[in-house]
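The next block holds one structure in the form of structure tokens; read it before the comments.
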Amino acid sequence: MSCLTENQNNPIHDIRFDNNTYPYGIRVSKVEYEKDIERITKVYRTTFYRMIWVCSGSVSVELDMNSISLTKDHCLFIGKNQVFKLKNYDHFDAYIIDFTEGFYARTQLDIELLQQSRLFNSEEGIVKLYLEDPYKEILVRFLSFFKGINYKDFSQLLYQLAHNTVERMLLFAEWNVQRDQNSDQIRSNSKEYSLVKKFQNLIAINYTTEKGVSFYAEQLNTSSRSLASACTITNKPSPKRMIIDRVLIEAKRLLKFTDLSIKEITYRLGYDEYNSFIKLFTSNIGMSPMNFREKYQ
956 MSCLTENQNN PIHDIRFDNN TYPYGIRVSK VEYEKDIERI TKVYRTTFYR MIWVCSGSVS
1016 VELDMNSISL TKDHCLFIGK NQVFKLKNYD HFDAYIIDFT EGFYARTQLD IELLQQSRLF
1076 NSEEGIVKLY LEDPYKEILV RFLSFFKGIN YKDFSQLLYQ LAHNTVERML LFAEWNVQRD
1136 QNSDQIRSNS KEYSLVKKFQ NLIAINYTTE KGVSFYAEQL NTSSRSLASA CTITNKPSPK
1196 RMIIDRVLIE AKRLLKFTDL SIKEITYRLG YDEYNSFIKL FTSNIGMSPM NFREKYQ
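And the structure:
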């Protein structure tokens, strides 16, 4: 799995997008089992958005605490900061399309699509899509184009073409997911939904240092009560619960995918008191961090 810019000192290999090498903010590459076997066994976390299209063979993906099997013509969507690992691969080949938020977010509507999309929202489970022939033909046609612009000097015309193509791919996938799920959720264009999504994005950035609801309410120019009301209307947990859940997601990632000590994990998550983290984790997960690691690692 060809990386962009990788932090080798972290047991979870953080991949950051190299905008100097890929000035458009988009990159297309191909993973071939025979050539990339050493790299695909690592645990990764990306700071951008990723789509994986399996062209042949089969592979299983561990994405955070979930696992899913992909076979020929399945497409998987991985959001920012999700942790994943490929396993149980059977001589598979796959195309990977990586793009940054800066590449996609031309307008407020673009930003809202990324923030609200089910494709990249891990709390709603792993999303995979089967590519039917008409759509697959379109994707194949544009993959060759994307590979060709990876290293070209920036051109506004090429950028517009690349953006419009990715936009159509995501809208098609989003429409299929909504159709299949037959969702009865609150409309994603409601002001409450938008507020909660912004709240979730702020949590993702600040959860290790800020664990109080008032901080997030202030950042969102609203009150703690209004934020709680928006969570209730959109069928989400309370704001405090959402902050705790985000801490627990990262704790489970570090316990499952790394060999960091419990004390190191405690400090990484912003807790000064070891016992406070142990109590939080055990009371919410139903087992101690050590028992969780023994069960899932």
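If you count the sequence shown from 1, you need to add 955 to reach my numbering. Yeah, the Cβ is synthetic: ideal placement off N, Cα and C, and Gly gets one too.
Apart from the five residues just before and just after residue i, which ones in its own chain have a Cβ nearer than 6 Å to its Cβ?
i     : result
V1024 : First, the amino acid is wrong: residue 1024 is Ser here, not Val. Counting only Cβ-Cβ distances below 6 Å, and skipping sequence neighbours, we find S1015.
T1164 : G1225
K985  : Y1050
F1097 : T1120
R1248 : L1210
Whose C-beta lies closer than 7 Å to the C-beta of residue i among residues of the same chain, with five residues either side of it excluded?
i     : result
L1126 : none
E988  : At residue 988 the sequence reads Tyr, which differs from the Glu that was named. Contacts found: G1012, Y1044, H1046, F1047, D1048.
S1193 : A1183, C1186
E1228 : none
E1205 : L1224
T1213 : P966, I967
F1054 : G980, I981, F1003, Y1004, V1121
K1042 : S1015, E1017
I1066 : A1060
Y1162 : I1198, R1201, V1202
In this structure, what does DSSP give as the bridge partners for residue i?
i     : result
K1042 : S1015
W1008 : C1030, Y1050
I981  : F1054
S1022 : E1017
I1066 : None; I1066 has no bridge partner.
K1083 : L1031
R1061 : For R1061, which the question treats as bridged, DSSP gives no partner whatsoever.
E987  : D1048
T976  : Paired residues: none, contrary to the question.
Are residue i and residue j closer than 7 Å when you measure CB to CB?
i     : j     : result
Y999  : F1039 : yes
I1052 : M1006 : yes
I981  : T1001 : no
A1185 : L1150 : yes
L1235 : I1220 : no
T1189 : E1147 : yes
Y1251 : K1211 : yes
K1153 : Q1071 : no
T1237 : S1243 : yes
F1101 : V983  : yes
L1068 : C1030 : no
Going by beta carbon distance, what residues of the same chain come within less than 8 Å of residue i, once the five residues before and after it are set aside?
i     : result
V1132 : R1073, L1074, V1082, L1084
K1027 : V1009, C1010, S1011, G1012, S1013
K1195 : V1168
M1197 : F1154, Q1155, I1158, C1186, K1191
I1240 : L1203, K1207, F1247
Y1090 : F1127
Residue i: beta carbon under 6 Å from a heavy atom of the ligand GTP?
i    : result
I995 : Ligands in the displayed structure: none, and consequently the ligand GTP is not present.
Using a Cβ-Cβ cut-off of 7 Å, state whether residue i counts as contacting chain B.
i     : result
F1101 : Of the protein chains in this structure there is only one, and it is not chain B.
Legend entry - 4 or more residues per run - each alpha helix (DSSP H) lying fully within the stretch 1085-1125: 1088-1104
Legend entry - Inter-stretch contact (C-beta, 8 Å, three-pair minimum) for the stretch 1154-1164 and the stretch 1196-1203: yes
Legend entry - Three-pair Cβ contact test at 8 Å for the stretch 1117-1132 versus the stretch 1053-1065: yes
Inset, instruction - Starting from the N-terminal side, write out each stretch of the beta strand (DSSP E) that is 3 residues or longer and does not extend beyond the stretch 1178-1249. - result: none
Legend entry - Length-filtered (4 minimum) alpha helix (DSSP H) runs lying within the stretch 1154-1180: 1168-1174
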